[in-house]
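Structure first, then comments.
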């Protein structure tokens, strides 16, 4: 269902709306990584993460009547903000169903970006039931966070930019490390690289103990995580790779890499001091893998996608205190 | 001596070497600023500040024989790192004269970028004498941090990009706020805007109590600061505007703006949470002016140049602790 043509079409729709993020590097990080290291800072994307690309792609792909009735999403995090902003900029209403115990800042931000936020109690209510009722009552269209072809196509535009920007630096071969939750970004990038930079090899990066994608790629079937909480990399803790994203990754990705929470925090501190960007823990796992899993990486250059920067100030301060 | 033609020529020499930084914005900052607010994040430039542009411009403008004999600079900060990296990438030696009490990290970074660092005692030695001796002995060429036409031309390339990027957002009129020390960046941007975006008005921004450029623009002659230390915005504490930069600014700039140390720290915290970039205090004064001097700013849009991000972790943590 997903294809390079869909990614090209998404790139056309995103032009002038999503940011073309730069490709950053630093001689200090090159030395630490033992090879040339490039970082694609999607924390600089609108709403602070790559999720805006997929959201814009999916919202802009709807016909106008459908879009005008409104968009529905379940999310407590980056997908919520991406959908809210993309819908609002299209003049369309959006309803985001969030757990009532989600961080107040994330609820406030999602509302401020123009979404109606519907809170539910995780213990006693089913978000799916609430969503289904709203969908029927208002004719809303659900946009899923990763297992959705137009979302994958939007995330894939990151891969188009990586292929171009890496070539400008003379890099056409090497590993492309991607922070991976459900696999929307990884599979989109994999499709884009297959066409435009076939010797750049995409590889998912995950928190240790939540390496469902890494294990799924190894076993050849969808594996589950034992839990979806209990790790600082909250943005990328998903139950398992998606039914659409997994086959795409299985055909195109190299082995996954897993890093510890401390390694993610350490990478955040190095991104602060050497690249002057703000990363959230889940957005720093690919950089952490580039720095701390050198022996598992091949090639003279490596590219790490820094997927997001929506981190609370106290966690960021902790990272600096311990590792800067 | 400085001209738009020199800026265009510098842009040609910088292409593929300096980064074209993006133009960032956030609906949250627009609301705080009371108008559309755009930020040009030169903290994302090589070596963490715009200084790399001027350094590259000046080093690349030398004939090869001169360059090969080596470059000399006096600096304890961002100019040192810019010169070191630009010289090293040209295969040329560089000697940076730094006070022996400069922060160890800055000395280490400058060395790691390939420069020879010569330390002097601020109390008992004259850096000018040491520099003059080295210049004669080794045939080094001194590159001054701001009062130097090719440096101004390099900084002016920031203005070329602002003119283009602002137009992409439909902005051709409004104030362009620039963090200002000796005026190299401000005067370069002023020359570029005069040619390419004549209704964008450059305005220097300074720390309160160190507003020599603001006072000089008001009086029509070069005014001095009473001191060059004692403020958190260390990167932009200079004794007075330059003899070359002042006339350029006097003819082209709107009135200066001054902000407090707390306002600079507050702007750093907002840049962290809303733009995901790391600013140093001196690099945040223009953003602070956009946010906290709204009544002194004209137009429906404002552009703030965030000039650098070389900040110690403890100062950054303080900014987050107090304002995030």
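Chains as they are written, first to last, in the UniProt record's numbering: chain A, 1 to 324; chain B, 1 to 324. No residue lacks a Cβ here, since even glycine has one placed at the ideal position from N, Cα and C.
Sequence-distant residues of its chain with Cβ nearer than 7 Å to residue i (five each side left out)
i	result
residue 182(A)	145, 146, 147, 238, 241, 242, 245
residue 127(A)	74, 97, 120
residue 298(B)	175
residue 62(B)	141
residue 195(B)	4
Listed by chain order, chain B residues near residue i by CB distance under 7 Å
i	result
residue 278(A)	272, 276, 277, 278
residue 309(A)	276
residue 316(A)	320
C-alpha gap between residue i and residue j, whole angstroms
i	j	result
residue 29(A)	residue 153(B)	30 Å
residue 7(B)	residue 192(B)	7 Å
residue 80(B)	residue 110(B)	6 Å
residue 205(A)	residue 68(B)	44 Å
residue 272(A)	residue 143(B)	29 Å
residue 270(A)	residue 320(B)	18 Å
residue 186(A)	residue 54(A)	12 Å
residue 138(B)	residue 70(B)	8 Å
residue 249(A)	residue 3(A)	13 Å
residue 122(B)	residue 129(B)	12 Å
residue 170(A)	residue 10(A)	26 Å
residue 289(B)	residue 257(B)	7 Å
residue 35(B)	residue 300(B)	5 Å
residue 309(A)	residue 210(A)	20 Å
residue 253(B)	residue 202(B)	5 Å
Neighbourhood of residue i by C-beta, 6 Å cutoff - its chain only, sequence neighbours within 5 removed
i	result
residue 22(B)	none
residue 215(A)	223
residue 102(A)	76
residue 37(A)	29, 30, 290, 302
Top-ranked residue by Cα proximity to residue i, from the options
i	options	result
residue 212(B)	203(B), 200(B), 226(B)	226(B)
residue 118(B)	98(B), 102(B), 12(B)	98(B)
residue 281(A)	303(A), 208(A), 300(A), 70(A)	208(A)
residue 141(B)	104(B), 87(B), 194(B)	87(B)
residue 66(B)	51(B), 12(B), 90(B)	90(B)
residue 82(A)	265(A), 48(A), 306(A)	48(A)
residue 173(B)	180(B), 164(B), 220(B)	164(B)
residue 179(B)	234(B), 313(B), 72(B), 36(B)	234(B)
residue 312(B)	151(A), 323(A), 51(A)	323(A)
residue 316(A)	42(A), 184(A), 307(A), 277(A)	277(A)
residue 168(B)	19(A), 13(A), 3(A)	19(A)
residue 134(B)	105(B), 113(B), 93(B), 150(B)	93(B)
residue 12(B)	72(B), 156(B), 26(B), 85(B)	156(B)
residue 115(B)	104(B), 100(B), 95(B)	95(B)
residue 42(B)	287(B), 84(B), 125(B)	287(B)
Where the alpha helix (DSSP H) through residue i begins and ends
i	result
residue 89(B)	78-89
residue 207(B)	Element bounds for residue 207(B): not the alpha helix (DSSP H) but the beta strand (DSSP E), 200-207.
residue 151(A)	149-168
residue 314(A)	313-323
residue 187(B)	184-196
residue 278(B)	That residue, residue 278(B), is in no alpha helix (DSSP H); it is neither H nor E in DSSP.
residue 140(A)	Looking at the DSSP string, residue 140(A) is not in any alpha helix (DSSP H), and its letter there is neither H nor E.
residue 217(A)	212-219
residue 107(A)	104-112
residue 44(A)	Here residue 44(A) belongs to no alpha helix (DSSP H), and DSSP marks it neither H nor E.
Within chain A, partners of residue i - CB distance below 8 Å
i	result
residue 160(B)	Near residue 160(B) there are no residues of chain A at all, since even the closest Cβ is about 17 Å away, more than 8 Å.
residue 27(B)	85, 112, 113
residue 301(B)	Those within 8 Å of residue 301(B) in chain A number zero; the least Cβ separation is about 17 Å.
First through last residue of the beta strand (DSSP E) which encompasses residue i
i	result
residue 120(A)	116-120
residue 41(A)	36-41
residue 99(A)	94-99
residue 292(A)	Where residue 292(A) is concerned, there is no enclosing beta strand (DSSP E), although the alpha helix (DSSP H) it sits in stretches over 285-292.
residue 175(A)	174-179
residue 52(A)	Element bounds for residue 52(A): not the beta strand (DSSP E) but the alpha helix (DSSP H), 51-61.
residue 232(B)	From DSSP, residue 232(B) is part of no beta strand (DSSP E); its letter is neither H nor E.
residue 301(B)	301-306
residue 71(B)	71-74
residue 23(A)	Note, residue 23(A): premise wrong, no beta strand (DSSP E); not H, not E.
residue 271(A)	First-last for residue 271(A): undefined, no H or E at that position.
Partner residues on chain A for residue i, Cβ-Cβ distance less than 7 Å
i	result
residue 142(B)	By Cβ distance, chain A contributes nothing, its closest Cβ being about 25 Å from residue 142(B), past 7 Å.
residue 24(B)	44
residue 48(B)	276
residue 19(B)	22
Neighbouring residues, chain A, relative to residue i (Cβ below 9 Å)
i	result
residue 179(B)	In chain order: nothing, as chain A lies at least about 15 Å away.
Cβ neighbours of residue i in the same chain (closer than 8 Å, five flanking residues each side left out)
i	result
residue 162(B)	23, 40, 176, 189, 192, 193, 197, 200, 303, 305
residue 107(B)	98, 117, 119
residue 274(A)	26, 28, 29
Residues that residue i contacts on chain B, provided the C-beta gap is smaller than 9 Å
i	result
residue 261(A)	Per Cβ cutoff of 9 Å: no residues; residue 261(A) is ~19 Å from chain B at best.
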